[in-house]
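Trainee: Next up is a structure, given as structure tokens.
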Amino acid sequence: GTVMLIVCVNLSNLLLAKGPKRAREMAVRGALGASRFRMLRQLIVESVVLTFGGAAIGVATAVGATRLVATSTGLNIPMLRMVSVDGQALLFTLGLAIIAGLVMGIVPALHATQGGGATALNDLSRGSSAGKRSTRLREGLVVGEMAMACLLLVLGGLFLKSFRNVLDVELGFQPTNAVGWTLSTNREFETIEEMTTFFDQVVQRVEAVPGVELAGLIDALPLGRNRTWGTIRAPDAVYDDDELQSAFPHIVDHRYLAAMQIPLVAGRNFTPDDNRDGPDVVILNESAAKGVFQGQEAVGRTAGIIGRDWQVIGVVADVRHQSLEQTSGWQMYFPYSQIRDFQTLDMVVRSRLPVETLVAGVATALREIDSTMPTDEYQSLSAIVDRSVSPRRFILLLLSAFGGTALLLAALGIYGVLSYSVAERIPEIGIRMALGESGPQLRRRVVGKTMALAGTGVAIGAGLSLVGTRWIGALLYGVEPTDPFTFAGMAIILLVTSALAGYIPARRASKIDPTTAFRAV
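Per our numbering, residue 9 is the first one in the sequence shown, and the count goes up by one each step.
In structure tokens:
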């Protein structure tokens, strides 16, 4: 919507620039008896026809761009491949073209048809107040589009900074050179020992594949499913009401933490001896260990979980298991040989082999163990991490496209207004140069006017951004909606772009020959 408004402003400026000629035409027609309604209708219809031409080009571009985005492998957005330009989109575009034609045509049309007859002809003489009003109106429109461009650029800058912050978070595991599989089998196991024996054989067979370094099992890989079992308590501790958190359980085999390269902070990892014949054991993440035991040593202590006492044998680093934006919370790892509260198992395989080669080898190994086991339910951990940031990347892509378009349109608006202003004031420029004003002085004056317009627009846009960004705070990560560095950076980009856009008309003005200028008087 903001980009469309900027486009309408630019086209309105274009029509206003043609205003003096059209105003003279309308004044003559008015003097000959044409009604103002009839003249308004003609001018607005011309504007709508102009927007229909632009809409046709836009639809053709949109069809190609939509196909490109829908087939992009870098944007893992649900249902994105089903997006297309259909009949509803075309009807919407038709309605938008009509609205845009009315919006951009109404002001120039009213301006061109004001007054009537001889009065209008007299008002439209060179240097009249009508010409000055037209100039002020065009400059006001430029200020408005600069403000809207500033708003879009600030939004894009905030999302860019937020996206970078998300990419920089500490995952707690190493996704590079790791692929995850979803394991399922039609076999039924009467005891937990039968189940663990079967899946241990699966992992051992996969680890025997040439090039495989490690493999491990978990009930759900990070950035996928998650659940909670209530909280964790130390039997001898007293907690405040806000101290306890819900804890997230992860059921793993003794190889998983090493296969994921999750750092062991204290204590030990699980071993094959941690089974139903031994004591119930658990590994906590750092956040849970610190919270449950209130900053004291956790290893060797007892924790109350789901109505049972578990011995804490180790502490590992926090893992971003739910999403990259959310902290890990309290996490607890149980050996799958002691608890059977899961529906499926995921397997992570670490290898430096190309993914295609690794998949072929693992698929063969799985079929050798169980011919009914699916072998195509896999995804690299890097792809899983990438998928979790795809919505942010998509928003950033859109805002970058809109912000860049708005910046270009605002620069064109500045350039157009100043170019027309220079052409309109050629006689004045000639007189000034004849009276001793130098080319550099003239350039500074024109660029100064540019910066005044741009500065006013940026100031208004910054105010709009301060209000507008409050609504997107929940979508940002690691950056405040009022981040001063983002606001300052976007303001500098706008001002520099405006200065460059204004320099070309300023340079052209400084090259005007006074003799030629006097002939235009």
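Think of the CB as a built atom: it goes at the ideal place given N, C-alpha and C, for glycine as much as any other residue.
Nothing here was measured: the structure is a model prediction, and the numbers come from that model.
#1: So, using beta-carbon positions, are ARG535 and ALA373 closer together than 7 Å?
#2: Can you round the beta-carbon distance between SER170 and GLY411 to whole angstroms, since I take them to be within the 8 Å contact cut?
#3: Spell out the partners DSSP gives LEU292 in its beta bridges.
#4: Which partner residues of THR190 appear in the DSSP bridge assignment?
#5: Got a sec, what are the start and stop residues for the beta strand (DSSP E) TYR386 sits in?
#6: How many Å lie between TYR344 and GLN387 at the Cα?
#7: Where does GLY286 sit, in a helix, a strand or coil, going by DSSP?
#8: For VAL466, which residues from the same chain have a beta carbon less than 8 Å from its beta carbon, with the 5 sequence-adjacent residues on both sides left out?
#9: According to DSSP, THR310 sits in a beta bridge with which residue or residues?
#10: Within this structure, are the beta carbons of GLN302 and PHE181 separated by less than 7 Å?
#11: Give me the Cα-Cα distance between ILE313 and VAL475, rounded to the nearest whole angstrom.
#12: For GLN319 and VAL220, I'd like the C-alpha separation in whole angstroms.
#13: Could you tell me if ASP326 is buried or exposed, where buried requires 16 or more neighbouring beta carbons within 10 angstroms of its beta carbon?
#14: Does the Cβ-Cβ distance between VAL6 and ALA482 come in under 7 Å?
#15: Please classify GLY135 as buried or exposed, where buried requires at least 16 other C-beta atoms within 10 Å of its C-beta.
#16: On the CB-based measure, 16 or more other CB atoms within 10 Å of its CB, does LEU132 come out buried or exposed?
#17: Would the beta-carbon of THR190 fall within 7 Å of that of ASP354?
#18: Looking only at DSSP bridge pairs, what is ARG395 linked to?
#19: Mind checking which residues open and close the beta strand (DSSP E) that includes ALA223?
#20: Determine the contact status of VAL174 and LEU51, defining contact as a CB-CB distance below 7 Å.
#21: Considering only C-alpha positions, which residue in the set ASP281, ALA496, THR413 and LEU58 is nearest to LEU102?
#22: Helix or strand or just coil, what does DSSP make of PHE181?
#23: Since LEU179 contacts ARG328 with CB under 8 Å, what's their CB separation in whole angstroms?
#24: Could you tell me if ASP349 is buried or exposed, where buried requires 16 or more neighbouring beta carbons within 10 angstroms of its beta carbon?
#25: Helix, strand or coil: which one does DSSP assign to PRO492?
#26: Around the Cβ of THR365, are there at least 16 other Cβ atoms within 10 angstroms (buried) or fewer (exposed)?
#27: Exposed or buried, which one is THR477 when buried takes at least 16 other CB atoms within 10 Å?
#28: Could you check the C-alpha separation between ALA419 and ALA442 for me, to the nearest Å?
#29: The alpha helix (DSSP H) with VAL214 in it runs from where to where?
#30: Out of GLU385, ILE403 and PRO435, point me to the one whose CA is closest to GLY165's CA.
#31: To the nearest angstrom, how far is it from the Cα of GLY125 to the Cα of GLY41?
Mentor: Per the coordinate set shown:
#1: An answer regarding residue 535 cannot be provided, because it is not within the stretch 9 to 529 covered by the chain.
#2: As a working mapping, residue 170 is identified with position 162 in the sequence shown. As a working mapping, residue 411 is identified with position 403 in the sequence shown. The beta carbons of SER170 and GLY411 sit about 14 Å from each other, so the pair does not count as a contact at 8 Å.
#3: Along the sequence shown, read from residue 1 onward, the residue named residue 292 stands at position 284. BP columns for LEU292 point to VAL323 and MET340.
#4: Your numbering for residue 190 matches position 182 in the sequence shown. The bridge partners DSSP lists for THR190 are ASP354.
#5: For this step, residue 386 is matched to residue 378 along the sequence shown. Element bounds for TYR386: 386-388.
#6: One-based indexing of the sequence shown puts residue 344 at position 336. One-based indexing of the sequence shown puts residue 387 at position 379. Going from the Cα of TYR344 to the Cα of GLN387 covers about 23 Å.
#7: Position 278 of the sequence shown, counting from 1, holds the residue named residue 286. Coil, per DSSP.
#8: For the purposes of this step, residue 466 is taken as residue 458 along the sequence shown, with counting starting at 1. Contacts found: MET154, ALA155, CYS158, ALA499, LEU502 and LEU503.
#9: Sequence index remark: in the sequence shown, residue 310 carries index 302 (1-based). Secondary-structure assignment with DSSP links THR310 through a beta bridge to GLN319.
#10: Taking the sequence shown and counting its residues from 1, the one referred to as residue 302 is at position 294. Taking the sequence shown and counting its residues from 1, the one referred to as residue 181 is at position 173. The answer is no: Cβ separation not under 7 Å.
#11: The count along the sequence shown starts at 1 and reaches residue 313 at position 305. The count along the sequence shown starts at 1 and reaches residue 475 at position 467. Whole-angstrom Cα-Cα distance: 47 Å.
#12: As a position in the sequence shown, residue 319 is number 311, starting the count at 1. As a position in the sequence shown, residue 220 is number 212, starting the count at 1. Cα to Cα, GLN319 sits roughly 33 Å from VAL220.
#13: Numbered from 1 along the sequence shown, position 318 holds the residue referred to as residue 326. By the neighbour-count criterion, in which a residue is buried when 16 or more other Cβ atoms sit within 10 angstroms of its Cβ, ASP326 is buried.
#14: Outside the modelled stretch of the chain, which goes from 9 to 529, sits residue 6, for which no answer is possible.
#15: Here residue 135 refers to the residue found at position 127 when the sequence shown is read from its first residue. For GLY135, the pLDDT reaches just 47, beneath the cut-off of 50, and the residue's location in the model is therefore unreliable, leaving the point undetermined.
#16: Numbered from 1 along the sequence shown, position 124 holds the residue referred to as residue 132. The predicted position of LEU132 is uncertain, since its pLDDT is 47 and thus under 50; a value taken from the coordinates is nonetheless stated next. Its Cβ being crowded by 16 or more others within 10 Å, LEU132 is buried.
#17: Indexing the sequence shown from 1 puts residue 190 at position 182. Indexing the sequence shown from 1 puts residue 354 at position 346. Against a cut-off of 7 Å, the Cβ pair of ASP354 and THR190 comes out as a contact.
#18: Counting from one through the sequence shown, the residue named residue 395 turns up at place 387. In the DSSP assignment, ARG395 is bridged to no other residue.
#19: For the purposes of this step, residue 223 is taken as residue 215 along the sequence shown, with counting starting at 1. According to the DSSP assignment, ALA223 belongs to the beta strand (DSSP E) that extends over 220-226.
#20: By one-based count along the sequence shown, residue 174 stands at place 166. By one-based count along the sequence shown, residue 51 stands at place 43. In this structure, LEU51 does not lie closer than 7 Å to VAL174 by Cβ.
#21: Mapped onto the sequence shown, residue 102 falls at position 94. That would be LEU58, whose Cα lies nearest to the Cα of LEU102.
#22: To locate residue 181, count along the sequence shown from 1; it is residue 173. Under the three-state reduction of DSSP output, PHE181 falls in the coil class, being neither helix nor strand.
#23: Here the question's residue 179 lines up with position 171 in the sequence shown. Here the question's residue 328 lines up with position 320 in the sequence shown. Right, the Cβ-Cβ distance comes to about 5 Å (below 8 Å), so this counts as a contact.
#24: What you label residue 349 is simply residue 341 of the sequence shown in a count that begins at 1. With fewer than 16 other Cβ atoms within 10 Å, it is exposed.
#25: Indexing the sequence shown from 1 puts residue 492 at position 484. Three-state result, PRO492: helix.
#26: On the sequence shown, position 357 is the one that residue 365 refers to. Exposed: under 16 other Cβ atoms inside 10 Å.
#27: Translated into the one-based positions of the sequence shown, residue 477 becomes position 469. It is buried - the Cβ of THR477 has at least 16 other Cβ atoms within 10 Å.
#28: Against the sequence shown, residue 419 aligns to sequence position 411. Against the sequence shown, residue 442 aligns to sequence position 434. Their backbone Cα atoms lie some 31 Å apart in a straight line.
#29: Reading the sequence shown from its first residue, position 206 is the one you call residue 214. Unbroken alpha helix (DSSP H) run through VAL214: 200-215.
#30: Residue mapping note: residue 165 aligns to position 157 of the sequence shown, counting from 1. With distances taken between Cα atoms, GLY165 lies closest to ILE403.
#31: For the purposes of this step, residue 125 is taken as residue 117 along the sequence shown, with counting starting at 1. For the purposes of this step, residue 41 is taken as residue 33 along the sequence shown, with counting starting at 1. Residue confidence for GLY125 is low, a pLDDT of 47 falling below 50, so the modelled location carries little weight; the figure read from the coordinates is stated next. So the alpha carbons of these two residues sit roughly 9 Å apart.
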